[in-house]
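S.K.: If you're matching positions, the sequence shown starts at 1 in the UniProt record's numbering and goes up one per residue.
Beta carbons: idealized from backbone N, C-alpha and C, even for Gly.
Owing to the predicted nature of the structure, the values given are computational and were not obtained by experimental measurement.
Would you mind keeping the following structure in view while I ask a few things?
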Amino acid sequence: MTLACSAAKPAQALAILETGAVENFNLHDADLAFMCASNSSKERHIARTRSMLLKVSTPEDDLRCGGHPPLSEIVQRA
């Protein structure tokens with residue numbers, strides 16, 4: 001399942017480009033790269049996510065991905 005989710009991310013991010021959301025919400029290349037990548041809940045990943053949510057005026061509570069342990073063992077132990 002992880003492979004399928006990872007493979008789908010660039011296709012899902014394509015909608016961000018096609019709809020003009022990159023320009024409308026002043027998203028940066030780093031934001032788009034983050035959308036296409038897997039993350040491990042490190043502080044920089046959380047900061048990027050929160051920054052993007054601010055740009056689109058969306059509260060964190062609107063995320064519906066559900067809880068799961070971080071991929072990084074270091075982050076899991078923190």
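Assuming the contact rule is C-beta atoms closer than 8 Å, L27 and K55 should be a hit. Round their C-beta distance to whole Å, please.
M.R.: Sequence index remark: in the sequence shown, residue 27 carries index 27 (1-based). Sequence index remark: in the sequence shown, residue 55 carries index 55 (1-based). Sure, about 6 Å apart at Cβ, within 8 Å.
S.K.: Taking buried to mean at least 16 other C-beta atoms within 10 Å of its own C-beta, is D31 buried or exposed?
M.R.: Walking along the sequence shown from the start, residue 31 turns up at place 31. By the 10 Å Cβ count, D31 comes out buried.
S.K.: Over what stretch of residues does the alpha helix (DSSP H) that includes F25 continue unbroken?
M.R.: Working through the sequence shown from its first residue, we reach residue 25 at position 25. Counting along the chain, F25 falls outside any alpha helix (DSSP H), and DSSP gives it neither H nor E.
S.K.: A13: buried (16+ other C-beta within 10 angstroms of its C-beta) or exposed?
M.R.: Here residue 13 refers to the residue found at position 13 of the sequence shown. Flag for A13 reads buried.
S.K.: Which residue's Cα is closest to the Cα of E43: E23, P70, D29, K9?
M.R.: Residue numbering aside, residue 43 sits at position 43 when the sequence shown is read from its first letter. Out of E23, P70, D29, K9, P70 has the C-alpha closest to the C-alpha of E43.
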